[in-house]
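So the structure is just underneath, and the comments pick up after that.
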Amino acid sequence: MIYSTHFLMQHKKRFETYLYSTIGVLVMVIIVIALNIIVRPVTTRVDLTADKAYTLSEGTKRVLGKLDTPVQIRFYFSQKDSATPVEYKTYAARVEDMLNEYQLLAKGNLELKR
0 MIYSTHFLMQ HKKRFETYLY STIGVLVMVI IVIALNIIVR PVTTRVDLTA
50 DKAYTLSEGT KRVLGKLDTP VQIRFYFSQK DSATPVEYKT YAARVEDMLN
100 EYQLLAKGNL ELKR
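In terms of numbering that gives the first Met the number 0, the sequence shown has 46 at position 47, counting the first letter as 1, and numbering is strictly consecutive.
Rendered as structure tokens:
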């Protein structure tokens with residue numbers, strides 16, 4: 000009788016530990032997924048260069064905001080060409096980022112063709 004009570008208590012303790020561990024892991028997974036969903040639409044960029052090299056000027060923002068007819072920009076670059084120097088690929092990525100910012104500020108009046 001004493002042995003079976005001791006066995007049941009140990010089994011119950013082991014089960015509780017397993018249960019709490021499982022619940023803890025599930026809660027952490029849910030928190031991580033929720034944070035991903037919340038943070039995903041937030042795209043904040045900070046330009047820490049001294050001369051604000053990656054910040055659009057107020058004039059550019061104004062012009063893009065006032066576009067009343069659709070404008071199409073074609074961006075040509077061979078990203079997959081292995082002969083293209085890395086510096087060009089890096090520069091092309093910067094240009095593409097800038098064009099994407101233009102597209103956001105133009106409120107649907109700028110179409111970027113790649």
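Yeah, the Cβ is synthetic: ideal placement off N, Cα and C, and Gly gets one too.
**Asked** Sorted by chain position, which residues of the same chain lie with C-beta nearer than 6 Å to V94's C-beta, five sequence neighbours on each side aside?
**Response** none
**Asked** Is Q78 helix, strand or coil when you go by DSSP?
**Response** coil
**Asked** If you measure from the beta carbon of E95 to each beta carbon in chain B, is any gap under 8 Å?
**Response** This model lacks chain B altogether; it includes just one protein chain.
**Asked** Beta-carbon separation of L111 and F74 under 8 Å?
**Response** yes
**Asked** What does DSSP give as the partner residues of I183 in its beta bridges?
**Response** Since the displayed the chain opens at 0 and closes at 113, residue 183 lies outside it and no answer follows.
**Request:** Return the CA-CA distance between M97 and I36, expressed in angstroms with no decimal places.
**Result:** 25 Å
**Request:** Specify, as a first and last residue, the run of the alpha helix (DSSP H) that K60 falls within.
**Result:** Annotation for K60: the continuous alpha helix (DSSP H) segment containing it runs E57 to G64.
**Message:** Applying the 10 Å Cβ sphere with the 16-neighbour rule, what's the burial state of Y101?
**Reply:** Classification of Y101: buried, given that the 10 Å Cβ count is 16 or more.
**Item:** Where the alpha helix (DSSP H) containing K88 begins and where it ends
**Value:** V85 to L104
**Message:** I'd like the list of long-range same chain contacts for L66, defined as Cβ closer than 7 Å, with 5 residues on each side in sequence excluded.
**Reply:** A105, N108 and L109
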